[in-house]
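Protein chains in written order, with my numbering: chain V, 1 to 226; chain G, 1 to 226. Note that CB positions come from ideal geometry on N, CA and C, so glycine has one too.
There are 2 protein chains.
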Amino acid sequence: MNYAEFKNILEIREENLYRDVYLENQDAIRIKKEATAVKNFEKIFNSVFEITYEKGFQAMTMRDLSCHTKLSLGALYGYFSGKEELLAIIHKQGNSMIRKIFGQFYDPQANPVEQLRTLIKAHMFLSESARPWFYFTFMEARNLTPTGREAVLSMEEYTENMLLEILEAGETEGIFIKRDHVMTASLIKAMQQDWYLKRWKYKKRGITVDTYTEYLIDFTISFISL
Amino acid sequence: MNYAEFKNILEIREENLYRDVYLENQDAIRIKKEATAVKNFEKIFNSVFEITYEKGFQAMTMRDLSCHTKLSLGALYGYFSGKEELLAIIHKQGNSMIRKIFGQFYDPQANPVEQLRTLIKAHMFLSESARPWFYFTFMEARNLTPTGREAVLSMEEYTENMLLEILEAGETEGIFIKRDHVMTASLIKAMQQDWYLKRWKYKKRGITVDTYTEYLIDFTISFISL
DNA sequence: GTCTATACACAGATAGAC
DNA sequence: GTCTATCTGTGTATAGAC
């Protein structure tokens, strides 16, 4: 599987994603027509990602967002009750999307090496196709309420644990060297995250997500293989 | 060399650091007595790091800083002309400190394996002893002026290039496998950064900087060694 | 649903007494 | 050098017309 194939498999379309946002917050928002809401949520989210990438969420003013979305200040408040809620909605939606898609790529039948490859790829390709979301989650987690913050940390542990289980299974089956798998899993995650945190660097160098992913997998496998 | 030994070698004392801040900004600040300035700069910097770790620099108000340092608003403005300048001073000082100390640990005589070990350790231990600074630089780079931002990126490239040169030398000498050294260097950096970005995680697990560093070195060496 | 105009709070920054 | 009191700008959020 490469990135292009991944995107084909991915059945979740952007549009459905914003429909979810609308449906899950239906009581909190004033807008009643689904089509309008979906269209504008997409605009709003993308604008937030773009502005926030430049200066961070706190520094983004509602007026910035208004200019960027070409919706007036008053109109914006039809879609969420305040800036803080907007942040929460974005995070929540991102979280649930990521969990949903990860599930699709877990195959307990495959051998550990294949499982590891698939999991690393799934994470890399997902973070590529929803990069603004991943970047945002990482950088803006601090601004969340304690509950929201915990959700982010628990996501980190959740994905790391999937790696950990595979590594342990591999050792048990005698395929992988005995190592400190907790450390290995942490380091893999660190390298995965670098891809979306340093977008500018890899873009400048013309490194694609496919190249990066293969290299990361080689790096890892060479360390744990007998 | 382990972390304890590193700290002994490190000749730069905290106090000297804040003296530098005072001396380099002497014309811009109202305070004339060195002792007072040094003492309060230390308080101010540490407060900024602490508050910012929780909510980010933008979200930190001057009143927050005033409470935390136990200096009044008016007094604070004796030490810097405004919030933006404060940010710039912190970044600038961090940058120059890091470059200065890195220089100390570069030994072109040693063989590539030793050079690599030393360089990775120097970076890890430095980032540990000045962790707030590293974390701050990473997370708040976005808020800098374009010039300041470039300084951060150039630091990233500077340290990465040192790794790169060692890897290439090692290949030339026939000690390391032929690989995409640019990619390897990037991944090493990614793993180094994870240490100070995810402090909470490693602390919770009781992983020390020495353990982490040794593991990272093993990981790397096993990939590039013949 | 979207707009403009505006209320209100709060942040950054300064003045001037001590 | 440090304080308190205060000015001024700007940001979030709402009211009410269209």
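Below 8 Å on the Cβ atoms is my guess for residue i versus residue j; work out the distance and round it to an integer in Å.
| i | j | result |
| --- | --- | --- |
| G/Leu10 | G/Ser129 | 7 Å |
| V/Ala190 | G/Ala190 | 5 Å |
| V/Tyr212 | V/Pro132 | In fact, because the Cβ distance is near 18 Å, the residues do not count as touching under 8 Å. |
| G/Glu140 | G/Leu71 | At roughly 21 Å, the Cβ-Cβ gap does not stay under 8 Å, so G/Glu140 and G/Leu71 are not in contact. |
| V/Ser127 | V/Trp195 | 6 Å |
| V/Phe41 | V/Tyr79 | 7 Å |
| V/Leu164 | V/His181 | 6 Å |
| V/Ile120 | V/Ile224 | Wrong, their Cβ atoms sit about 12 Å apart, outside the cutoff. |
| V/Asp27 | V/Gln93 | That belief does not hold up - the Cβ atoms of V/Asp27 and V/Gln93 are roughly 16 Å apart, past 8 Å. |
| V/Leu167 | V/His91 | Their Cβ separation, rounded to whole angstroms, is 29 Å, which puts V/Leu167 and V/His91 out of contact at 8 Å. |
Compare the C-beta of residue i against all C-beta atoms of chain V and say whether one is closer than 8 Å.
| i | result |
| --- | --- |
| G/Arg149 | no |
| G/Glu54 | yes |
| G/Met183 | yes |
| G/Ser222 | yes |
| G/Asp64 | no |
| G/Asp210 | no |
Since residue i is in the alpha helix (DSSP H), which residue starts that stretch and which ends it?
| i | result |
| --- | --- |
| V/Met60 | No alpha helix (DSSP H) holds V/Met60; DSSP gives it neither H nor E. |
| V/Gln26 | Neither: V/Gln26 is in no alpha helix (DSSP H) and is coded neither H nor E. |
| V/Lys201 | Arg199 to Lys204 |
| G/Asn8 | Tyr3 to Ile9 |
| G/Ser47 | Glu34 to Lys55 |
| G/Tyr79 | Premise fails: G/Tyr79 is in no alpha helix (DSSP H) and is neither H nor E. |
| G/Thr137 | Arg131 to Glu140 |
So which residues on chain G does residue i lean against when the C-beta distance must stay under 7 Å?
| i | result |
| --- | --- |
| V/Gln58 | Gly56, Gln58 and Ala59 |
I want to see whether chain G comes within less than 8 Å of residue i, judged by CB atoms only; does it?
| i | result |
| --- | --- |
| V/Leu187 | yes |
| V/Ala130 | no |
| V/Met191 | yes |
Cβ closer than 7 Å: which chain V residues qualify as neighbours of residue i?
| i | result |
| --- | --- |
| G/Tyr215 | Asp180 and Met183 |
| G/Phe219 | Leu187 and Phe223 |
Is residue i near the ligand SAM, in the sense that its beta carbon is under 7 Å from a heavy atom of that ligand?
| i | result |
| --- | --- |
| V/Leu71 | With respect to the ligand SAM, the structure offers nothing, as it holds no ligand at all. |
Pull up the DSSP beta-bridge partners for residue i, would you.
| i | result |
| --- | --- |
| G/Ser225 | G/Phe176 |
Name the chain V residues whose beta carbon is nearer than 8 Å to that of residue i?
| i | result |
| --- | --- |
| G/Arg205 | Val182 |
| G/Asp194 | Ser186, Leu187, Lys189, Ala190 and Gln193 |
Which residues in chain G sit within 9 Å of residue i, going by Cβ to Cβ distance?
| i | result |
| --- | --- |
| V/Asn143 | Lys55, Gly56 and Ala59 |
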